[in-house]
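**Q** Residue numbers (the working numbering): 5 to 294. Note that CB positions come from ideal geometry on N, CA and C, so glycine has one too. The structure displayed is predicted, hence computed values, not measured ones.
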């Protein structure tokens, strides 16, 4: 039971950089998506910095950098592996912050899932990891190779990958069914509506641990308090003697002091420099001499 609770997780975050890139609404949607990604990474840094691993994939980028495209230049275009699977660190937050909104190319949801699944396969094949893909997308772009749908679904299922889709401006499925009806014309749907139905179908096929949720619900779930699971180890052992009866006793620590991980003290450009400045308590905007 303890091993199941403490199982390592390999998690790939796939962020759609083409989320509403036009207008103020688009900017806020992309900022909300990036905030969710940052929250996931921060949770991993705080609670599972040594056991879990995180990867970051950007979909819809102007350039292309992934092993699938390297082996087949006609596939997985405009998808960049920003960070491979590795222990979570502050560099991931920087990578998310530097991601720029761009809707010139769009995110192909199937190609992006293939790249994310390939990252998991390369790192976790034959190893005891639970595997999860967070797909943060508006799913507004037409899928290029629809014939891959069943293969992608079967591939995720064979690897025991959980797919969590964080939908940006997704329709409520109940309301959409009421408006369209069960026999609604597939050809009359927009690309976004088709993609949403495909993703919901795929998550349903992958099992109960997969699903489609809106970004607001996902953010709320991330802000909930949680406990950090650690392996129980005895702090000391002794024998309790009661007359002729001897009872072996193992003592465990109920709680212990822990601190958040420290930031790196150097960068590629050299060591950090520390500058101290002092401000008045009564006038916070007024700087005072040290």
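Keeping to the same chain, check which residues put their C-beta closer than 6 Å to that of residue 214; ignore five residues upstream and five downstream.
**A** Within the chain shown, the letter at position 210 stands for residue 214. Result list for residue 214: 166, 167, 207, in chain order.
**Q** DSSP three-state label for residue 136, please.
**A** Along the chain shown, one-based indexing puts residue 136 at 132. Strand at residue 136.
**Q** Within 8 Å, do at least three Cβ pairs link the stretch 154–162 to the stretch 47–64?
**A** no
**Q** Can you give me the C-alpha to C-alpha distance between residue 209 and residue 76, rounded to a whole angstrom?
**A** For the purposes of this step, residue 209 is identified with residue 205 of the chain shown, where counting begins at 1. For the purposes of this step, residue 76 is identified with residue 72 of the chain shown, where counting begins at 1. Taking the straight line from one Cα to the other gives about 28 Å.
**Q** Would you mind reading off the limits of the beta strand (DSSP E) that contains residue 195?
**A** Position 191 of the chain shown holds residue 195. Segment 195–210 is the alpha helix (DSSP H) holding residue 195; no beta strand (DSSP E) there.
**Q** Alpha carbon to alpha carbon, how far is residue 47 from residue 227? Give it in angstroms, no decimals.
**A** Position 223 of the chain shown, counting from 1, holds the residue named residue 227. Position 43 of the chain shown, counting from 1, holds the residue named residue 47. C-alpha separation (whole angstroms): 10 Å.
**Q** When the Cα atoms are used, what is the spatial distance from residue 89 to residue 140?
**A** In the chain shown, residue 89 corresponds to position 85, counting from 1. In the chain shown, residue 140 corresponds to position 136, counting from 1. Their Cα atoms are separated by approximately 17 Å.
**Q** Tell whether a beta-carbon distance below 8 Å holds between residue 66 and residue 108.
**A** Numbered from 1 along the chain shown, position 62 holds the residue referred to as residue 66. Numbered from 1 along the chain shown, position 104 holds the residue referred to as residue 108. Cβ atoms of residue 66 and residue 108: closer than 8 Å.
**Q** What does the alpha-carbon distance come out to for the pair residue 137 and residue 217?
**A** In the chain shown, counting from the first residue as 1, residue 137 sits at position 133. In the chain shown, counting from the first residue as 1, residue 217 sits at position 213. Residue 137 and residue 217: Cα-Cα distance of roughly 13 Å.
**Q** Does the beta-carbon of residue 244 have 16 or more other beta-carbons within 10 angstroms, so that it is buried, or is it exposed?
**A** Taking the first residue of the chain shown as 1, we reach residue 244 at position 240. Per the 10 Å Cβ criterion, exposed.
**Q** Could you tell me the boundaries of the alpha helix (DSSP H) in which residue 96 lies?
**A** Indexing the chain shown from 1 puts residue 96 at position 92. Note, residue 96: alpha helix (DSSP H), 94–102.
**Q** For a minimum of 3 consecutive residues, which ranges assigned as the beta strand (DSSP E) are wholly contained in the stretch 50–127?
**A** 57–63, 83–90
**Q** Are residue 113 and residue 19 touching if we call contact CB-CB under 8 Å?
**A** Counting from 1 along the chain shown, the entry for residue 113 is found at position 109. Counting from 1 along the chain shown, the entry for residue 19 is found at position 15. No, Cβ-Cβ distance for residue 113 and residue 19 is not below 8 Å.
**Q** Using a Cβ-Cβ cut-off of 6 Å (strictly less than) and excluding sequence neighbours within five positions of residue 144, which residues of its own chain qualify?
**A** The residue labelled residue 144 in the question sits at position 140 within the chain shown. For residue 144, where only same-chain residues beyond five positions count, the Cβ hits under 6 Å are 196.
**Q** Just tell me which of 85, 258, 45, 173 has its CA closest to the CA of residue 68.
**A** Stepping through the chain shown from its first residue, residue 68 is reached at position 64. Closest option to residue 68, judged by alpha-carbon separation, among 85, 258, 45, 173: 85.
**Q** Since residue 117 contacts residue 135 with CB under 8 Å, what's their CB separation in whole angstroms?
**A** Stepping through the chain shown from its first residue, residue 117 is reached at position 113. Stepping through the chain shown from its first residue, residue 135 is reached at position 131. With a Cβ gap of about 12 Å, residue 117 and residue 135 do not count as contacting.
**Q** Rounded to whole angstroms, what is the Cα-Cα separation between residue 38 and residue 254?
**A** For the purposes of this step, residue 38 is identified with residue 34 of the chain shown, where counting begins at 1. For the purposes of this step, residue 254 is identified with residue 250 of the chain shown, where counting begins at 1. Rounded to whole angstroms, residue 38 to residue 254 spans 46 Å at the Cα level.
**Q** Quick check on residue 45: does DSSP put it in helix, strand or coil?
**A** Locating residue 45 in the chain shown gives position 41, where the first residue counts as 1. The answer is helix: DSSP assigns residue 45 an H, G or I state.
**Q** Exposed or buried, what is residue 53 when buried is set at 16 or more other beta-carbons lying within 10 Å of its beta-carbon?
**A** As a working note, residue 53 is residue 49 in the chain shown. Residue 53 should be labelled exposed.
**Q** Please classify residue 288 as buried or exposed, where buried requires at least 16 other C-beta atoms within 10 Å of its C-beta.
**A** Taking the first residue of the chain shown as position 1, residue 288 is located at position 284. Exposed, since its Cβ has fewer than 16 Cβ neighbours within 10 Å.
**Q** When DSSP builds the beta bridges, which residues end up paired with residue 131?
**A** Position 127 of the chain shown, counted from the first residue, corresponds to residue 131. DSSP output for residue 131 lists no bridge partner at all.
**Q** Within 10 angstroms of the Cβ of residue 222, are there 16 or more other Cβ atoms? Answer buried if so, exposed if not.
**A** In the chain shown, the residue the question calls residue 222 occupies position 218. Per the 10 Å Cβ criterion, buried.
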